[in-house]
Amino acid sequence: MEKLNNHQPKIKIEELNLSIGRAKILRDINVEIPKHKITVILGPSGCGKTTLLKSMNRLTDIYSDIRVTGKILIDGEDILHTTKDVTEIRKKMGLLSQRPYPLPMNIYKNISFGLRISGRRKKQFLDKRIEHYLKQASLWDEVKDRLKEPAAGLSIGQQQRLCLARGLAVDPDIILADEPTSALDPISSQEIEKKFVELKNGYTIVLVTHILRQAIRLADYVIFMYLGEVIEQGPADQFFKSPQTEITRAYLKGSIN
Amino acid sequence: MSLWTFVILLSPLIIFAGLMWKSSMLLEDNSIWKLIWSDSWKPLSGEFGFRPFILSSLWVTLISLVVAGPVCILSALHLTYFAHSRFTRIMQPAIDILAGIPSVVYGVWGVIVIVPFISDRLAPLFGAETSGYSILAGGLVLSVMIIPFILNILIEIFNTIPVELQEASLSLGVSRWITVRAVLLRKALPGVVSAMGLGLSRAFGETIAVLMVVGNVTRIPEGIFRPGYPLPALIANNYGEMLSIPLYDSALMMAALILFVIVLLFNLASRFVIIRYENKYR
Amino acid sequence: MQRTEELFFRSLMLLSSALIVGVLIMIIYSILKVGIPSLSIEMLTQTPKGGFYFGKEGGILNAIVGSLYLALGSTFLALVIGLPVAIFMNTWLLRRKKLVNTIRFILDLLWGVPSIIYGAIGFTVMIMMGWKTSLAAGIIVVGLFVLPIMIRAIDEGLKASPLGLTEASFSLGATRTELGFRVLTRQCFPGIITAILLSFGRAIGDAASVLFTTGFTDNIPTSLGQPTATLPLSIFFQLTSPIPEVKNRAYAAAVVLTVIILLTSVLSRLFSSKYKKQTIKF
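Going down the list, the protein sequences come from chains A, B and C. What the first sequence shows, in numbering that gives the first Met the number 0, is residues 0 to 256, in sequence order. What the second sequence shows, in numbering that gives the first Met the number 0, is residues 0 to 281, in sequence order. What the third sequence shows, in numbering that gives the first Met the number 0, is residues 0 to 281, in sequence order.
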């Protein structure tokens, strides 16, 4: 595995074990996620990749009977054992889900929501930011005349871009994406994929997917999971061209789905 | 089997028709608006004004919703989004037991606890004198009775919202409570309103417990410390006199009809909204 | 500032849930407090001597036995009509989703109709037919009142049975009726038991539906045509008596009724968890 010793990894997970109730979901996870790259977490369904993703911004806190041990270091700081409020930690990361979940408000308010809660309420400031992020998500031209209309009225591809803009609006460093194109048509999927490639210069992107082709297209770095464990991780070229383990080879050939 | 199913489908209509038919004699001499609006209830003189009873029912129901509503909303939010599973495991049987306690038993509790509480402790605080048998007593007892009902519906409503919406808001760095207040509650609003509507219809029709504490005095209540006479209590108390005074039975059936229609309408409207709300997420 | 709002509402929510549990405990405590001193062997094994209104001796056996007869009879009636209908809804009508959902909707509406309306209609019919107040009349009226509950509860249990089981039985050549009774009933047995217990609890505790229809008496009925005492009415009629011995009978009846309800609730939970192990796990 190529050592990332010129930069500190953006996210470093050490000995992470996670169970919900009796079920052990993540087992001895050790991964490093490099800065300004697209890291793809790959694996068949049920392997725990979504849980791993969501543990990175502690969304897993929602479950009351959850037990987590280990460390999750973001920029060197362990977010599992910190005195900081979890909302501060979450602002560093934006989430894009499988299906778009626009907030029950108009387009303008969807994007400004995160900002307003943090106390930024000046209209001029918000107007500028909203335009900026909608442009970043390539949605501005389509919605600039209807910012006050309900977000639910947009098409599903537009909604996903809206959710992207909304997530970017709180100025995260990291984008967490959970199979973000699985509910979209091919054209919208392509648009989102293009976005990720553009965005990686400014953000660190962690993408969960079970679509092998998408991983091949987008990944700079791959983490392969199976049954709650990390089987292999490394730079994309290395991973796809010379997989190290039997399971990886079987998966890439299509025998495990 | 299919016959019974058919009967079931038509039963609300059958009930409506039956009550209508029985009230029709009263409607021959009096217009329906006069009956609902008039506050003069003198059966021996043939005067049947339903207003005192309708107003009493409305007052008692309103009090019960004002008390039970916020408590149920807060508790439902607590149980769905904040409580440990240990707590919810205690709550569920507690809610079921509250739901199963018979009306009379609530009435007994009302008589031995709530009525004295109002007459001895509460009313003096407001400078009022009362025996305790009052609209307020009816409203308070009723509020406890509708809590399990509304609570269960609200929990179901909140559980319908996909967890991903909560995750989306939390990911923006928004705290749990603000997520609940600004996003989830907003999304659940139609459901919450219908839960209140269903609570209202349940409260409106409750008979025995309220009857036991409300005083049963035929007058438009002057305040919550004064006694009242809700519609179901009217029917329950006077069924014995029904046959001795002309048109009395028709009047009581009319009361039943008014009750039936109000309960049915609120029930229908609320369930309709809930169905539409749930269909959005399935 | 966000923090204080969060803290404030979190405590308010916890308080609301705790309040609800607290009220339940308070209600049960107050009932037990007045009722247990009134309990004695005589109370439970004798009928009131000297008339239930004035008699100072004897107990509430009339009401206990009467209520059991009534509740068992009406639950049985509701089961006999309701089980086939519920099965019908989930087998023959399985394909006609819209029809089944309409039936469910109407059953939910009927569930919301206050029991006094059933009682009032029942009384009217009894007058028209010249029937006197009797156990039979009570069983029919309460049975009809409880029917929507029985059907819906069994239906919920049947609904939970995965479709695959139904399809599999179809392909094995079972006729629709065979399929209905054998397979579904066995799989959904706990659901049916829960429905029966739920209906029994409602039937035994309701006062408004028996008020006009079963009458009241000091004696234990020996035939269906006789009036019957019931626990709810025993409380209702005797609670406000100035004679302490009479009042005590009311309190005792309240305790007995509450205990019966708590038992049904516990049994219902036990059944659903015990039998869940015997059904096929999906």
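Glycine included, each C-beta is placed from N, C-alpha and C at the ideal position. Just so it is clear, the structure is predicted and the values come from calculations on it, not from any experiment.
- Residue environment for residue 216(C): buried (at least 16 other C-beta atoms within 10 angstroms of its C-beta).
- In this structure, residue 151(A) lies near residue 101(A), with their beta-carbon atoms less than 8 angstroms apart.
- With a beta-carbon spacing of about 6 angstroms, residue 141(B) and residue 205(B) fall inside the 8 angstroms limit used to define contacts.
- Per DSSP, the continuous beta strand (DSSP E) segment holding residue 95(A) begins and ends at 92–95.
- For residue 103(A), the chain B residues whose C-beta falls within less than 8 angstroms of its own C-beta are 182, 185 and 186, listed in chain order.
- For the segment 129–198 of chain A, the full-length alpha helix (DSSP H) segments reaching 4 residues or more read 139–142, 155–167 and 185–198 along the chain.
- Rounded to whole angstroms, residue 27(B) and residue 46(B) show a C-alpha spacing of 13 angstroms.
- The segment 44–58 of chain B and the segment 219–227 of chain B touch, with three or more beta-carbon pairs separated by less than 8 angstroms.
- In this structure residue 253(B) is buried. Its beta-carbon is surrounded by 16 or more other beta-carbon atoms within 10 angstroms.
- Following the DSSP letters along the chain, one finds residue 220(A) inside the beta strand (DSSP E) bounded by residues 220–225.
- About 4 angstroms separates the beta carbons of residue 135(B) and residue 223(B), which is inside the 8 angstroms limit, making them a contact pair.
- When C-beta atoms of the segment 176–196 of chain B are compared with those of the segment 97–113 of chain B, fewer than three pairs fall below 8 angstroms, so the two segments do not count as touching.
- Between residue 125(C) and residue 212(C), the C-beta spacing is below 8 angstroms.
- Ranking 112(C), 154(C) and 187(C) by CA distance to the CA of residue 257(B) puts 112(C) first.
- Taking a Cβ-Cβ cut-off of 7 angstroms, the neighbours of residue 266(B) in chain C comprise 108 and 111, given in sequence order.
- Between the alpha carbons of residue 260(B) and residue 200(B) lies a gap of roughly 10 angstroms.
- Between the segment 150–161 of chain C and the segment 87–107 of chain C there are three or more inter-stretch CB-CB distances shorter than 8 angstroms, so the stretches are counted as touching.
- Under the three-state reduction of DSSP, residue 234(A) is assigned to strand.
- Here the alpha carbon of residue 138(C) sits roughly 10 angstroms from the alpha carbon of residue 145(C).
- Between the alpha carbons of residue 159(C) and residue 100(B) lies a gap of roughly 27 angstroms.
- Secondary structure at residue 26(A): strand, using DSSP grouped into helix, strand and coil.
- Pairing residue 250(B) with residue 210(C) gives a Cβ-Cβ distance that is not under 8 angstroms.
- Per DSSP, reduced to three states, the secondary structure at residue 151(B) is helical.
- When DSSP reads this structure, residue 56(C) sits in a beta bridge with 48(C).
- Neighbours of residue 205(C) in chain B, taken as residues at a C-beta separation under 8 angstroms, are given in chain order as 101 and 102.
- Put simply, the backbone Cα of residue 237(A) is about 36 angstroms away from that of residue 85(A).
- Distances from the CA of residue 235(C) to each of 102(B), 153(B) and 1(B) were compared; the closest alpha carbon is that of 102(B).
- Contacts with chain B at 8 angstroms (Cβ-Cβ) do not include residue 220(C).
- As DSSP reads the structure, residue 18(A) sits in a beta bridge with 23(A) and 66(A).
- Judged by DSSP in its simplified three-state form, residue 227(B) adopts strand.
- In this structure, the alpha-carbon of residue 45(A) lies about 59 angstroms from that of residue 117(B).
- Residue pairing by DSSP places residue 81(C) opposite no residue, since no beta bridge is assigned to it.
- Residue 203(C) sits close to residue 230(C), with the two beta carbons spaced by under 8 angstroms.
- A Cβ-Cβ contact shorter than 8 angstroms links residue 173(A) with residue 205(A).
- Residue 225(A) places its beta carbon less than 8 angstroms from that of residue 42(A).
- The contact set of residue 107(B) on chain C, defined by CB atoms closer than 7 angstroms, consists of 30, 234, 238 and 253 in chain order.
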